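S.K.: Protein sequence lines, in the order shown, are assigned to chains A and B. For the first sequence, the working numbering assigns the number 89 to the initial residue and increments by one for each residue that follows. For the second sequence, the working numbering assigns the number 6 to the initial residue and increments by one for each residue that follows. The beta carbon of each residue, even a glycine, is placed where N, CA and C say it ideally should be. If you're wondering where the values come from, they're calculated on a predicted model, not measured in any experiment.
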Amino acid sequence: MQMTANIVEAAQPRPHAPAAPAKIRLGGVSKSFTVRGLETRALETVDLDVESREFVSLVGPSGCGKSTVLNMVAGLLSPTTGDVFYDDAPLRGLNARAGYMTQKDTLLPWRTTEQNIGVPLELHCRAVPRKELRERVSEIINVVGLRGFEKHYPAELSGGMRKRVALARTLIYEPETLLMDEPFGALDAQLKLLMHDQLQRLTMQRQMTVMFVTHDLAEAIALSDRVVVMSARPGRIRVVRDIPLPRPRDVFKIRFTDTFSALHEELWDELKDEVVKGTDV
Amino acid sequence: MASTPIAVSRAPVARPDDQPSAIARFFLSPVGLITARVGLIVLLLVAWEGASGRLVSKYWLSSPSAIAAKLWSWIADGSLWLHLHATLLEMGLGYVIGCIAGVVVGLILGFLPTVYRVVMPFLGGLYCLPKIALAPLFVIVLGIDLGSKVALVGITVFFLILYSTLDGIHDIDRDLVQSMRLMGATRREVSIKVLIPGCLRWVFTGMRIAVRYAFTAAVLGEVIAANRGVGYLVEANAGQFNSTGVFAAVLVLVACSLTFSELLTRFEASTSKGRSGL
């Protein structure tokens with residue numbers, strides 16, 4: 089318990105933090121996996137609160153349990169100890185209030201781009217009329233820059249394009265919470281910035297709560313209200329840092345500001361030890 | 006150093022397939038290909054006709070001319086159509102029944118993993134059982150008419166389709182199911198939008214393979230006990246030691262299997278063009 093480093097930051101009040109209870113709360117959560125009789129500790133005890141409408145990024149070396157955290161918030165995994173609370177209620181089973189964009193794109197291979205993107209709106213729980221479905225699909229296709237690829241099957245798209253289809257499919261139904269696991273890893277640098285811009289716009293406009301996993305520290309700082317740096321396996325929180333950059337941010341230029349550079353340097357100092365440790369393993 | 010002379014000596018030798026000879030080029034062209042195939046058949050028939058009665062007794066080997074005459078007599082008196090119709094009807098009915106039952110049971114077992122776990126060993130045993138062993142039983146229960154052959158074809162096709170459907174469902178990426186559930190899909194929606202379309206490709210593959218098995222099962226059923234059908238023609242003529250009749254009936258079967266094979270090849274070509282995403 090003493091290892092939970094969020095204590096470091098817990099004393100500092102967050103300027104933007106509302107009085108409302110946390111949207112997502114990880115309360116003393118840890119996770120171990122048993123593979124062939126060998127117990128591996130993927131995640132040490134972690135405590136973390138994510139406020140409603142907050143954008144929180146998790147950064148850390150490979151295998152530090154970032155994805156495990158998202159899987160638990162999505163309800164795909166249950167913690168070994170502790171509990172995940174969503175809207176103050178302990179999470180049991182799948183969390184259908186969160187849209188989860190996993191690292192692996194889970195597009196349906198027999199559906200075209202537009203059919204894949206429209207899937208969430210075909211479901212009974214939020215079925216929309218055919219006309220509205222078409223309009224919203226068309227709109228989101230513009231947002232992610234896939235115009236001209238509406239009739240393509242996933243196998244005919246590049247990795248980056250498939251990621252964007254998955255992103256569009258997650259954004260189209262406007263879940264109140266977005267869980268994103270390295271959504272932009274496969275994109276080139278320019279496209280990545282465009283996606284950052286769109287993501288910021290959509291999440292602000294639709295007042296989404298976001299948990300965002302990435303390797304890319306600059307991306308995490310540019311997008312987030314708070315950045316959580318995690319340690320190498322077994323993962324735990326090393327530091328939680330507020331990002332006091334005003335919104336809306338110009339994601340194209342923000343990385344050239346002094347505040348950004350200072351934050352980047354500070355967090356990189358925290359991260360680099362862990363990356364070195366992580367690669368030794 | 007020892008390898009150097011070998012390498013040098015090899016270098017100037019052109020590979021024979023670099024430049025196909027004029028003859029090879031002719032046989033690779035469409036006209037040449039047909040010429041070659043027809044030529045091969047004619048050559049075999051002439052050799053057969055020549056050998057028959059001279060090298061080997063006509064009693065064993067018959068002869069192409071006698072077989073052609075026999076076939077013609079069957080066409081003329083309409084018996085060929087009667088037998089062909091019987092075989093194709095048994096095959097068609099058994100195939101359709103087997104496919105429908107296979108897909109339905111496959112989907113049910115696919116959606117109810119617990120039931121599947123219980124019945125799995127029994128199904129496995131029946132799947133591996135040579136279905137032809139059941140033919141006498143079908144004859145006892147259903148008689149020597151249409152019914153016993155439809156049952157034999159049906160059960161053969163059923164197991165093939167059942168297992169392709171199950172394989173299809175088990176092959177579906179669990180992550181696809183999970184992501185749909187996270188979007189709020191009900192179990193029913195997951196079935197309709199993921200499981201069924203996901204296993205279709207497997208079902209179609211099974212259905213293509215099953216055509217060949219259905220044909221074999223129908224003919225075998227007729228060979229065992231029947232009063233009509235092409236398989237019956239083979240068996241009845243063999244019973245009378247009439248090798249001409251046996252060869253003529255086998256020739257009809259060859260024509261059928263060539264037709265099925267050609268139709269399936271065309272069908273496969275047309276479907277594989279459609280959806281590269283599948």
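Would you say A/L211 reaches chain B, if we count a Cβ-Cβ gap shorter than 7 Å as a contact?
M.R.: It does; some Cβ of chain B falls within 7 Å.
S.K.: Put A/M268 into one of helix, strand or coil per three-state DSSP.
M.R.: Looking at A/M268 - three-state DSSP - the assignment turns out to be strand.
S.K.: Mind checking A/L211: buried by the 16 CB within 10 Å criterion, or exposed?
M.R.: Buried, since its Cβ has 16 or more Cβ neighbours within 10 Å.
S.K.: Hey, A/E358 and A/V317: beta-carbon distance below 7 Å or not?
M.R.: It is a contact, given that the beta carbons lie within the stated cut-off.
S.K.: Under the three-state reduction of DSSP, which class applies to A/M318: helix, strand or coil?
M.R.: In this structure, A/M318 counts as strand in the three-state DSSP scheme.
S.K.: Could you tell me whether the stretch 108-119 of chain A touches the stretch 172-182 of chain A, where touching means 3 or more Cβ pairs closer than 8 Å?
M.R.: Taking 8 Å as the limit for Cβ pairs, the verdict is that the stretch 172-182 of chain A does touch the stretch 108-119 of chain A.
S.K.: Can you check the stretch 170-232 of chain A for any alpha helix (DSSP H) of at least 4 residues that lies completely inside it and give the ranges in chain order?
M.R.: With a minimum length of 4 residues, the continuous alpha helix (DSSP H) runs that stay inside the stretch 170-232 of chain A are 201-210 and 218-231.
S.K.: If we ignore side chains and look at the alpha-carbon of each, how far apart do B/A29 and B/L49 end up?
M.R.: Between B/A29 and B/L49, the C-alpha separation is close to 21 Å.
S.K.: From A/Q100 to A/V328, what does the alpha carbon distance come to, in whole angstroms?
M.R.: At A/Q100, the pLDDT of 42 sits below 50, so the modelled position is not reliable; the number obtained from the coordinates is stated separately. Cα to Cα, the separation comes out at about 10 Å.
S.K.: List, in chain order, every chain A residue whose beta-carbon is nearer than 8 Å to that of B/V199.
M.R.: Per Cβ cutoff of 8 Å: L196.
S.K.: Starting from A/T190, find everything on chain B with Cβ-Cβ shorter than 8 Å and list it in chain order.
M.R.: What A/T190 touches in chain B: D180 and S184.
S.K.: Would you kindly report the start and end of the unbroken beta strand (DSSP E) that includes A/M299?
M.R.: Its beta strand (DSSP E) spans residues T297 to T302.
S.K.: Cβ of B/A223 within 7 Å of Cβ of B/K154?
M.R.: Yes; because the gap between Cβ atoms is below 7 Å, this pair is in contact.
S.K.: Hey, does B/G38 have any beta-carbon neighbour from chain A nearer than 7 Å?
M.R.: The residue asked about is misnamed: residue 38 of chain B is Leu in this sequence, not Gly. No, B/L38 lies away from the interface with chain A (no Cβ there is under 7 Å from its Cβ).
S.K.: Start and end of the beta strand (DSSP E) containing A/R326?
M.R.: That run of the beta strand (DSSP E) goes I325 to D330.
S.K.: Classify B/I39 as buried or exposed, calling it buried when 16 or more other Cβ atoms lie within 10 Å of its own Cβ.
M.R.: By the 10 Å Cβ count, B/I39 comes out exposed.
S.K.: Could you tell me whether the Cβ atoms of A/M160 and A/P271 are closer together than 7 Å?
M.R.: No, these two residues do not count as a Cβ contact at 7 Å.
S.K.: Say whether chain A places a C-beta atom closer than 7 Å to the C-beta of B/E273.
M.R.: It does not; no Cβ of chain A falls within 7 Å.
S.K.: B/P202 and A/W198 - do their beta-carbons sit closer together than 7 Å?
M.R.: Cβ distance < 7 Å, so A/W198 and B/P202 count as in contact.
S.K.: Below 8 Å on the Cβ atoms is my contact criterion, and I expect A/R324 with A/E127 to pass it. Report the Cβ-Cβ distance as a whole number of Å.
M.R.: Not quite, the Cβ-Cβ distance comes to about 17 Å (not below 8 Å), so this is no contact.
S.K.: Going along the stretch 288-317 of chain A in order, which residues come within less than 9 Å of chain B, judged by CB to CB distance?
M.R.: Going along the stretch 288-317 of chain A in chain order, one finds no residue with a Cβ nearer than 9 Å to chain B.
S.K.: Taking 7 Å as the limit between beta carbons, can you name the residues of its chain near B/V108, skipping five residues before and five after?
M.R.: So the list reads I166, T170 and V208, once near-sequence residues are dropped.
S.K.: Shortest alpha-carbon distance to A/L290 belongs to which of A/Y241, A/R141 and A/G153?
M.R.: That would be A/R141, whose Cα lies nearest to the Cα of A/L290.
S.K.: Interface residues of chain B around A/Y174 at Cβ under 8 Å?
M.R.: None at all; the shortest Cβ gap to chain B is about 13 Å.
S.K.: Hey, is A/L114's beta-carbon within less than 7 Å of any beta-carbon in chain B?
M.R.: No, A/L114 does not count as interfacial toward chain B.
S.K.: Rounded to whole angstroms, what's the CA-CA distance from B/S248 to B/G226? Just pull it up for me.
M.R.: Computed Cα separation, rounded: 21 Å.
S.K.: If the cut is a Cβ gap below 8 Å, which residues of chain B does A/V216 touch?
M.R.: Correct list: empty, because the minimum Cβ distance to chain B is about 13 Å.
S.K.: In whole angstroms, what separates the C-alpha of B/R42 from that of B/M96?
M.R.: Cα to Cα, B/R42 sits roughly 30 Å from B/M96.
S.K.: Against chain B, does A/P271 count as a neighbour if the rule is that its beta carbon must be under 7 Å from one of theirs?
M.R.: No, its Cβ sits nowhere closer than 7 Å to a Cβ of chain B.
S.K.: In chain A, what lies closer than 8 Å to B/P141 by C-beta?
M.R.: Near B/P141 there are no residues of chain A at all, since even the closest Cβ is about 44 Å away, more than 8 Å.
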